[in-house]
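First the structure, in the form of structure tokens, and then the observations on it.
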Amino acid sequence: MLALSEPKNMHRVRADEASRLKMQDSLRSAAEAMETPNDTMLRLFNGALEVPMIKAGVDIGLFKMLVASQTPLTLAKIANTTKAEPVFLGRILRYLAATRFITETGKDQFSANLSTQSLADPAIEGSLNYIFAIAIPAYMALPEFLRQTSFQAPPGTQCAWQQSVKTDMDWFPYYKQHPEQLSYFQKLMSVPRDGEWFDVVPFAEEAANVSPDRALFVDIGGSIGHQSKRLRSKYPTLPGRVIVQDLPETVNVATPAPGVEFMAYDFFTAQPVQGARFYYMRTVLHDWDEENSIKILKNTAAAMSAGSQLLIDEMALPNKDVHWWSACLDLHMYTMLNALERTVDQWHDLLGKAGLKVVDIRTYASVMKNSIIVAERL
Ligand SMILES: C[S@@+](CC[C@H](N)C(=O)[O-])C[C@H]1O[C@@H](n2cnc3c(N)ncnc32)[C@H](O)[C@@H]1O
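Once you know that position 96 of the sequence shown is 96 in UniProt numbering, the rest is easy, because the numbers rise by one and skip nothing.
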């Protein structure tokens, strides 16, 4: 996940994904088992301050500055660079050290640690801006929204996020008018998810015979083309067109890449690229409720030929024992868009309603259940 390399004196614990997440959960459970009720309250109290203080650190360039320095930095040096008032800055640094986001190496002396490294990563920084400016205000509006709706989830796009920004507009048209905030979201989308989906799609065998003028890969709602660009660099000689489709405000800011075409397309309209070998949707349908997802899927199904497959790159959740992050993301989708993460059963049901059938579910992140759901026309 890191764009920055780790310095020699810092080492992350390496383990396979499942063991790493299991160990983290066990250690957290152990710490929680030692909590008094007051400790639990204080943990939650502090949790409410963490993101705002990290945002403050990001805004003054603190984490990047500490990471860039080979030696610990003094409070006076950091104050001089950031122009912050030294005594007040010292209180912020003391808090960030006490919460382990930076390390206090001596009196009024601070250095980077592994968390600082993560916070200095541009993709993580953009994601933090998203959490602070967009997600947290929507979470604050959630209890009142749930009270008003009596805990129902009616069809459509009405959600707590709309109340937080005081709009009747839908999410994507709204952020078209707020490009800076849209850029935070695009940064968030660039953070790699657990697992590698290329591991479960044998492109080299399944796409070797595509004719050069046929579409090989249509990345529907593909944002600024992260996955298509990765596909092209991993398989530079595969024949066929690679096309990223998204709304104009998104494809217009994408940086060009050899062998990748960008196309403005609204997926609620007829799919213009017919008979592609693969149509691909990564974390697109989790933005939409059943009614809207069926419309998107029907537009794709209508363009598919007998040799086409739709690859849906999303979580396919089990009916029990869902990881906390998957459950969190599900409620995030509800808060922001009245949408959801789907279970295996819900995927079968949804695709069937759109004239498609699931032919395989290939899970490539065993804990988060990130999966490629392979679908064909019924
Ligand atoms: C959650 S993002 C996923 C982006 C990308 N697939 C990825 O995984 O990084 C959903 C994408 O759907 C796009 N989108 C939303 N409404 C759309 C529409 N009506 N037509 C086409 N794309 C749309 C958004 O601009 C956004 O890039």
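Heads up, the beta-carbon is just placed ideally off N, CA and C, and yes, glycines get one too.
Out of the options, point me to the one whose CA is closest to residue i's CA.
i           : options               : result
residue 73  : 46, 98 and 107        : 107
residue 18  : 99, 377, 369 and 147  : 369
residue 398 : 215, 205 and 69       : No answer is possible for residue 398: the residues shown for the chain start at 1 and end at 378.
residue 254 : 152, 356 and 190      : 190
residue 239 : 226, 262, 331 and 278 : 278
residue 82  : 60, 174 and 179       : 60
residue 110 : 75, 46 and 98         : 75
residue 351 : 155, 245 and 375      : 375
residue 98  : 250, 85 and 113       : 113
residue 144 : 307, 266, 44 and 335  : 335
residue 274 : 309, 250, 349 and 164 : 309
residue 153 : 288, 188 and 199      : 288
residue 296 : 354, 318 and 256      : 354
residue 246 : 23, 265 and 233       : 265
Rounded to the nearest angstrom, what separates residue i and residue j at their Cα positions?
i           : j           : result
residue 11  : residue 224 : 32 Å
residue 100 : residue 115 : 7 Å
residue 49  : residue 329 : 21 Å
residue 207 : residue 54  : 45 Å
residue 96  : residue 78  : 14 Å
residue 42  : residue 323 : 24 Å
residue 343 : residue 242 : 29 Å
residue 122 : residue 64  : 9 Å
residue 285 : residue 293 : 6 Å
residue 248 : residue 179 : 12 Å
residue 21  : residue 14  : 11 Å
residue 126 : residue 193 : 15 Å
residue 263 : residue 213 : 16 Å
residue 162 : residue 93  : 35 Å
residue 39  : residue 29  : 14 Å
residue 282 : residue 203 : 17 Å
residue 300 : residue 314 : 17 Å
residue 134 : residue 302 : 35 Å
residue 89  : residue 217 : 51 Å
residue 349 : residue 195 : 25 Å
residue 44  : residue 51  : 12 Å
Have a look at the DSSP bridge pairing and note the partners of residue i.
i           : result
residue 147 : DSSP output for residue 147 lists no bridge partner at all.
residue 28  : Beta-bridge pairing links residue 28 to no other residue.
residue 311 : 280 and 374
residue 136 : None; residue 136 has no bridge partner.
residue 111 : 103
residue 215 : 241
Fully enclosed by the region 222–298, which alpha helix (DSSP H) runs are 4 residues long or longer?
-> 226–234 and 248–251
Jot down the residue ranges of each uninterrupted alpha helix (DSSP H) in the region 33–102, minimum 4 residues, whole runs only, in chain order.
-> 37–59, 62–68, 75–82 and 86–98
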